[in-house]
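Engineer:
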Amino acid sequence: MTPFFVARGLPFGWAWGLSTVLEILLIAFPVMLAVAIVIYFDRKIWAAMALRKGPNVVGPFGILQSFADGLKVFLQETIIPAAANKALFLIAPIITFTVALLAWAVLPFAKGVMLADINVGLLYILAISSLGVYGIVIAGWASNSKYPFFSAMRASAQMISYEVSIGFILICVVLWAGSFNLGAIVEAQRGFGFGFINGFWCSPLLFPVWVMFLISSMAETQRAPFDLTEAESELVAGYQTEYSSMAFALYWLGEYANVLLMCALNATLFWGGYLPPVNWWPLYYIPGLVWLMVKILFGFFVFSWVKATVPRYRYDQLMRLGWKIFLPLSLLFVFLISGYLMLTGHFA
Amino acid sequence: MIQAIAFYLFASMMILSGVFTIFARNPVHSVLWLICAFFNAAGLMVLVGAEFIAMLLVIVYVGAVAVLFLFVVMMLDIDFAELRAGFIRNAPLGLVLAVVLFAELFVGILVRSAGDLHIGKAVTASATPAGLSNTAAIGALLYTRYLFEFEAAGMILLVAMIGAIVLTHRERGDTRGQNVSKQVARRPEDATVNVRPEVGKGVQL
């Protein structure tokens with residue numbers, strides 16, 4: 511967008527600053543809007559699988575339900591517990607929400623269309639998602655209440671465990687694509703399967719890695735069946751127990767923005783991102799953004815599907831899955847994939 | 108100019124966070140200020156063009172090490188008055204440490220300005236391969252010139268890790284862990300019997 515403003519007579523520095531701010535807004539607002547829609551979508555899918563109707567009162571088919579909830583929450587009173595650490599108590603939801611939006615900066619929406627085209631894009635996402643745990647841990651500690659504290663301890667252990675295997679899974683993709691840049695990773699998937707299928711998923715070596723990534727990303731975003739941090743039968747509402755009004759809403763928005771981000775990563779790393787599913791020329795007339803959104807929504811449907819059908823894990827099972835199954839398996843696949851790539855002369 | 112503003116922002120924030128890390132009364136606040144300092148250090152790394160190191164700094168220190176710090180410190184039950192009482196007593200020791208660290212930093216800068224550091228055999232070429240991205244350059248150096256040092260560091264870490272597990276592991280004997288494969292392999296025929304007991308007779312299991 512910078513050349514546009516330079517052509518209108520602005521000096522380069524100002525044009526760059528203005529266009530960057532505009533681009534940030536152009537990503538942040540649609541993401542927030544998408545979060546509102548996707549919450550409705552989630553509730554509808556969940557209801558349909560339980561043979562209920564779900565939200566159907568506000569607006570046509572209840573589509574405005576999330577906005578009505580948002581307005582309601584906005585008008586409520588913010589309650590801060592007397593024994594809470596006030597500053598940290600209020601900063602925690604802001605951290606969660608900000609971190610959930612930050613990672614979208616390096617995601618390619620079409621060929622070459624991303625806010626920050628940096629060559630360590632995937633590492634940036636890993637770094638940002640490792641910050642997400644602070645919003646929860648700080649909330650648990652600052653609330654000065656036992657259930658949030660338990661939840662914070664669970665969250666920190668859970669997120670660290672699954673970040674390790676996610677790191678190895680991402681290394682598999684990076685090895686094959688030869689770059690940390692997300693745009694380059696998407697381009698490496700063009701015609702990956704027999705010159706016809708766009709996406710890393712069709713390789714027999716990368717398909718199991720994708721399955722592990724899907725499960726790990728559910729654990730990383732604390733969605734069911736791994737939602738032990740807010741297990742209502744044990745911990746009331748986990749780290750959110752003491753929160754009300756907008757602070758609570760920020761947690762909700764942040765959580766769903768994180769889920770959407772994980773779906774977007776899933777689409778970008780394994781399903782060809784903004785590329786059409788197959789390398790056939792008429793499909794390229796549909797814009798890349800549409801393909802990306804379809805893939806994100808499909809990923810989100812899988813998340814809701816799992817949430818509606820799978821019972822919650824016990825904590826020792828969660829740790830066992832992370833450390834004793836996914837960690838050795840993902841290491842094995844790093845080994846296998848780098849060996850295969852060496853054998854076929856991929857790095858030559 | 109914007110680089111200069113960013114540099115002074117990151118640098119001053121980092122020093123401020125360091126100061127608050129020391130002077131915060133609450134240990135949890137100390138850890139949070141430390142995290143802030145790490146973050147600003149990562150910002151400085153980005154400014155000098157070492158984006159790979161910056162991201163690793165955030166992933167390793169902020170994402171893993173500091174979380175463990177916070178995890179431990181959160182659970183401490185500390186009397187703050189008692190903590191502060193020891194401050195004057197330990198101040199001389201702290202000063203000595205500070206002087207030693209400063210001297211090391213100073214010597215390090217002197218050595219750096221004297222020329223490149225070579226470990227093992229003498230190398231005439233410049234340490235940084237030109238025309239490569241940050242990540243590729245680090246990889247190319249680590250896996251060729253510094254391969255032995257790199258592997259040795261890995262081995263030391265592995266030994267430390269196994270040592271920590273061996274030292275803290277204890278058999279408790281009274282826990283019954285879940286054996287998933289055994290559970291999955293169990294068939295209904297092994298677990299249930301279908302009986303039709305006669306009237307007035309019990310069932311022998």
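So the sequence lines, in the order shown, correspond to chains A and B.
Going by our numbering, the letters in the first sequence line up with residues 511 to 858, in that order.
Going by our numbering, the letters in the second sequence line up with residues 108 to 312, in that order.
All C-beta atoms in this analysis are idealised placements derived from N, C-alpha and C, irrespective of residue type, glycine included.
Small disclaimer: the values here were computed from a predicted structure and weren't measured.
Between which two residues does the alpha helix (DSSP H) holding Trp526 (chain A) run?
Structural biologist: Here residue 526 (chain A) corresponds to residue number 16 of the first sequence, with the count starting at 1. Looking at the DSSP string, the run of the alpha helix (DSSP H) that includes Trp526 (chain A) is 522 to 559.
Engineer: With 7 Å as the C-beta to C-beta threshold (strictly closer), list the residues of the segment 170 to 185 of chain B near chain A in chain order.
Structural biologist: Of all residues in the segment 170 to 185 of chain B, Gly170, Ala171, Val174, Leu177, Phe178, Met181 have a Cβ within less than 7 Å of some Cβ in chain A.
Engineer: Can you check whether the CB of Leu164 (chain B) is closer than 9 Å to the CB of Val135 (chain B)?
Structural biologist: The residue you call residue 135 (chain B) lines up with position 28 of the second sequence. The residue you call residue 164 (chain B) lines up with position 57 of the second sequence. No, they are not a contact pair.
Engineer: Can you check whether the C-beta of Asp627 (chain A) is within less than 9 Å of a C-beta belonging to chain D?
Structural biologist: Here the protein chains are A and B, and chain D is not one of them.
Engineer: Drop a sphere of 10 angstroms on the beta-carbon of Val300 (chain B), count the other beta-carbons inside from all chains shown, and report buried for 16 or more, exposed for fewer.
Structural biologist: Residue 300 (chain B) sits at position 193 when you count from the first residue of the second sequence. The residue is exposed, with fewer than 16 neighbouring Cβ atoms inside 10 Å.
Engineer: Taking only beta-carbon atoms, is Ile573 (chain A) less than 9 Å away from chain B?
Structural biologist: Locating residue 573 (chain A) in the first sequence gives position 63, where the first residue counts as 1. No, Ile573 (chain A) does not count as interfacial toward chain B.
Engineer: What does Ile670 (chain A) reach in chain B if we use C-beta pairs closer than 7 Å?
Structural biologist: Position 160 of the first sequence holds residue 670 (chain A). Those within 7 Å of Ile670 (chain A) in chain B are Ala171, Val174.
Engineer: CA-CA distance, Leu574 (chain A) and Ile628 (chain A)?
Structural biologist: Start at 1 with the first residue of the first sequence, and residue 574 (chain A) comes out as number 64. Start at 1 with the first residue of the first sequence, and residue 628 (chain A) comes out as number 118. If I take the Cα positions, the gap works out to 37 Å.
Engineer: Determine the direct distance from the alpha carbon of Val616 (chain A) to that of Ala525 (chain A), and round the result to whole angstroms.
Structural biologist: Within the first sequence, the letter at position 15 stands for residue 525 (chain A). Within the first sequence, the letter at position 106 stands for residue 616 (chain A). Computed Cα separation, rounded: 21 Å.
Engineer: By the criterion of Cβ-Cβ separation under 8 Å, what are the contact partners of Ser653 (chain A) in chain B?
Structural biologist: Here residue 653 (chain A) refers to the residue found at position 143 of the first sequence. Chain B residues near Ser653 (chain A): none, gap ~12 Å exceeds 8 Å.
Engineer: May I have a chain-ordered list of the beta strand (DSSP E) segments no shorter than 3 residues that lie completely inside the segment 809 to 849 of chain A?
Structural biologist: Fully enclosed beta strand (DSSP E) runs of 3 or longer: not present.
Engineer: Where Phe690 (chain A) and Met772 (chain A) are concerned, what is the direct C-alpha to C-alpha distance, given to the nearest angstrom?
Structural biologist: Counted from its first residue, the first sequence places residue 690 (chain A) at position 180. Counted from its first residue, the first sequence places residue 772 (chain A) at position 262. Distance between the alpha carbons of Phe690 (chain A) and Met772 (chain A): 17 Å.
Engineer: Within the chosen definition, does the segment 781 to 797 of chain A reach the segment 702 to 718 of chain A through at least 3 CB pairs nearer than 8 Å?
Structural biologist: A contact exists between the segment 781 to 797 of chain A and the segment 702 to 718 of chain A.
Engineer: Step through the CB atoms of chain A and report whether any lies within less than 9 Å of the CB of Thr242 (chain B).
Structural biologist: For the purposes of this step, residue 242 (chain B) is identified with residue 135 of the second sequence, where counting begins at 1. Yes, Thr242 (chain B) counts as interfacial toward chain A.
Engineer: In chain A, which residues lie less than 8 Å from Met268 (chain B) when you measure between Cβ atoms?
Structural biologist: On the second sequence, residue 268 (chain B) is found 161 positions in, with the first residue counted as 1. Going along chain A, no residue has its Cβ under 8 Å from Met268 (chain B), so there is no contact; the nearest lies around 13 Å.
Engineer: Name the chain A residues whose beta carbon is nearer than 9 Å to that of Ile166 (chain B)?
Structural biologist: Your numbering for residue 166 (chain B) matches position 59 in the second sequence. Those are Leu633, Leu636, Ala637, Ser640, Glu673, Gly677, listed as they occur along chain A.
Engineer: Roughly how many whole angstroms lie between the Cα atoms of Met624 (chain A) and Tyr784 (chain A)?
Structural biologist: Taking the first residue of the first sequence as 1, we reach residue 624 (chain A) at position 114. Taking the first residue of the first sequence as 1, we reach residue 784 (chain A) at position 274. Using only the alpha carbons, I get a separation of about 12 Å.
Engineer: Using 10 angstroms around the beta-carbon of Ala729 (chain A), count the other beta-carbons present and answer buried if the total reaches 16, otherwise exposed.
Structural biologist: Locating residue 729 (chain A) in the first sequence gives position 219, where the first residue counts as 1. Ala729 (chain A) is buried by the Cβ-count criterion.
Engineer: Beta-carbon of Met772 (chain A) versus every beta-carbon of chain B: anything under 9 Å?
Structural biologist: For the purposes of this step, residue 772 (chain A) is identified with residue 262 of the first sequence, where counting begins at 1. It does not: the Cβ of Met772 (chain A) has no partner Cβ on chain B nearer than 9 Å.
Engineer: Under the three-state reduction of DSSP, which class applies to Val300 (chain B): helix, strand or coil?
Structural biologist: The residue labelled residue 300 (chain B) in the question sits at position 193 within the second sequence. Correct three-state label for Val300 (chain B): coil.
Engineer: Could you tell me the alpha carbon to alpha carbon distance between Tyr657 (chain A) and Tyr850 (chain A), rounded to whole angstroms?
Structural biologist: The count along the first sequence starts at 1 and reaches residue 657 (chain A) at position 147. The count along the first sequence starts at 1 and reaches residue 850 (chain A) at position 340. Taking the straight line joining both Cα atoms gives about 48 Å.
Engineer: In this structure, does DSSP put Val105 (chain B) in helix, strand or coil?
Structural biologist: Only positions 108 to 312 of chain B appear in this structure, which leaves residue 105 (chain B) out of reach.
Engineer: Helix, strand or coil: how does DSSP classify Val623 (chain A) here?
Structural biologist: The sequence position of residue 623 (chain A) within the first sequence is 113, counting from 1. In this structure, Val623 (chain A) counts as strand in the three-state DSSP scheme.
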